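For reference, the structure discussed in these notes is given below.
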Amino acid sequence: MRKYIVAGNWKMNKSLPEGIQLAKEVNAAVETAGALKCDVIIAPSFLHLTEVSKVVGKKVSVSAQNCAAEASGAFTGEVSAAMLQSAGIPYTIIGHSERRSYYGDTDAILAKKTGQALANGLKVIFCIGEELSQRDSGKHFDVVKGQLENGLFQLSVNELKNIVIAYEPVWAIGTGRTASSGQAQEVHAFIRKTLADKYGQAAADDVTILYGGSCNENNATELFSQPDIDGGLIGGASLVADKFIKIVTAF
Ligand code: PEP
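To convert, note that position 198 of the sequence shown is 218 in the numbering used here; the numbers rise steadily by one, no gaps.
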């Protein structure tokens with residue numbers, strides 16, 4: 021049975037003291053919320069990871085936002101999956117659209133990053149999603165399928181167990197323009213079908229597929245009520261503990 025997850029992607033926001041404060045607030049809110057239907061993850065910057073890990077309890081997991089494609093060596097400025105693993109970080113996001121578009125993370129690079137993460141025992145939140153022009157020209161299903169085939173389909177069915185997929189239409193990220201629940205569900209169902217065709221229905225049914233893109237405390241319940249939407253990857257609304265906890269409790 022797949023898990024519901026709400027993950028907050030803090031991106032390049034918050035000083036270290038601010039990040040520790042936000043993590044404490046999220047942790048306190050999660051503790052007082054009682055039994056939750058979802059797992060909660062927060063993804064601060066690399067710099068914050070170890071300090072944030074110290075101030076959250078068992079109900080909040082910590083994720084990196086990226087990891088290196090190589091194992092180690094002369095790669096200035098990079099952080100390896102092995103480093104993350106050694107710091108006790110259980111998750112990393114890979115393939116966020118900002119990494120794809122600003123930092124040249126191609127499908128081939130993302131496949132290598134995913135391999136590094138899994139080889140070091142990390143779980144991966146793997147992001148896919150089409151740009152506005154691709155949606156407008158009706159290519160969104162092909163785009164998403166290509167990202168899955170080229171970024172993930174090198175994995176075995178066993179490795180797939182450590183993958184969470186985040187469908188994030190690029191036109192909805194940080195724009196305030198959310199995909200309708202119908203639009204999102206349609207693509208989530210397509211992603212699950214694509215996984216089922218490759219790995220079998222049982223394996224596909226076990227994969228958590230998150231929606232991301234201007235998901236907030238007002239639209240989360242409607243989005244999460246869809247049968248193939250298993251939670252959210254949240255950007256802007258994860259930077260305010262009150263908003264984030266409303267999304268966490270929106271199931
Ligand atoms: C994101 O960047 O992963 C994201 C979903 O951002 P926002 O919620 O701000 O649209």
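We treat Cβ as the ideally placed atom computed from N, Cα and C, and that holds for glycine. Note that the structure is a prediction, hence the values are computed from the model and not measured.
Indicate the three-state DSSP secondary structure (helix, strand or coil) for phenylalanine 146 in the structure shown. The count along the sequence shown starts at 1 and reaches residue 146 at position 126. In the structure shown, phenylalanine 146 sits in a strand (DSSP, three-state: E or B).
Just list the beta strand (DSSP E) runs in the segment 88 to 124, keeping only unbroken ones of 3 residues or longer that don't cross its boundaries, in chain order. If we require 3 residues or more, the beta strand (DSSP E) runs fully inside the segment 88 to 124 come out as 111 to 114.
Could you give the uninterrupted runs of the alpha helix (DSSP H) lying entirely in the segment 187 to 248, keeping only those of 4 residues or more? Within the segment 187 to 248, the complete alpha helix (DSSP H) runs of at least 4 residues are 201 to 219, 221 to 225 and 240 to 244.
Just tell me which of Ile40, Ala139, Asp248 and Leu253 has its CA closest to the CA of serine 201. As a working mapping, residue 201 is identified with position 181 in the sequence shown. Ranking Ile40, Ala139, Asp248 and Leu253 by Cα distance to serine 201 puts Asp248 first.
Burial state of aspartate 250, where buried means 16 or more other Cβ atoms lie within 10 Å: In the sequence shown, the residue the question calls residue 250 occupies position 230. Under a 10 Å Cβ-count criterion, aspartate 250 is classified as buried, with 16 or more other Cβ atoms of the shown protein chains found around its own Cβ.
Helix, strand or coil at serine 35 [DSSP, three-state]: Position 15 of the sequence shown holds residue 35. Coil, per DSSP.
For valine 75, which option in Cys87, Ala88, Ser106 and Ala49 has the closest C-alpha, if you only look at C-alpha atoms? Taking the first residue of the sequence shown as position 1, residue 75 is located at position 55. Valine 75 has its Cα closest to that of Ala49, out of Cys87, Ala88, Ser106 and Ala49.
Using beta-carbon positions only, say whether alanine 84 and leucine 104 come within less than 8 Å of one another. On the sequence shown, position 64 is the one that residue 84 refers to. On the sequence shown, position 84 is the one that residue 104 refers to. Alanine 84 is a Cβ neighbour of leucine 104, given a cutoff of 8 Å.
Are the beta-carbon atoms of isoleucine 113 and asparagine 239 separated by less than 8 Å? Position 93 of the sequence shown, counted from the first residue, corresponds to residue 113. Position 219 of the sequence shown, counted from the first residue, corresponds to residue 239. For isoleucine 113 and asparagine 239, no; Cβs fall outside 8 Å.
Over the uninterrupted beta strand (DSSP E) stretch that includes leucine 253, give me the two end residues. The residue you call residue 253 lines up with position 233 of the sequence shown. From DSSP, the beta strand (DSSP E) with leucine 253 extends over 251 to 254.
The beta strand (DSSP E) spanning alanine 131 covers which residue range? For the purposes of this step, residue 131 is taken as residue 111 along the sequence shown, with counting starting at 1. Alanine 131 -> not in any beta strand (DSSP E); alpha helix (DSSP H) instead, spanning 127 to 139.
Leucine 215 and alanine 209 look like a contact to me (Cβ under 8 Å); what is the Cβ gap, rounded to whole Å? Residue mapping note: residue 215 aligns to position 195 of the sequence shown, counting from 1. Residue mapping note: residue 209 aligns to position 189 of the sequence shown, counting from 1. Leucine 215 to alanine 209, Cβ: 11 Å. No contact.
Whole-number beta carbon distance between valine 60 and valine 26, since they are thought to touch under 8 Å: As a first step, residue 26 is located in the sequence shown; it is residue number 6 there, counting from the start. As a first step, residue 60 is located in the sequence shown; it is residue number 40 there, counting from the start. With a contact defined as Cβ atoms closer than 8 Å, valine 26 and valine 60 qualify at about 6 Å.
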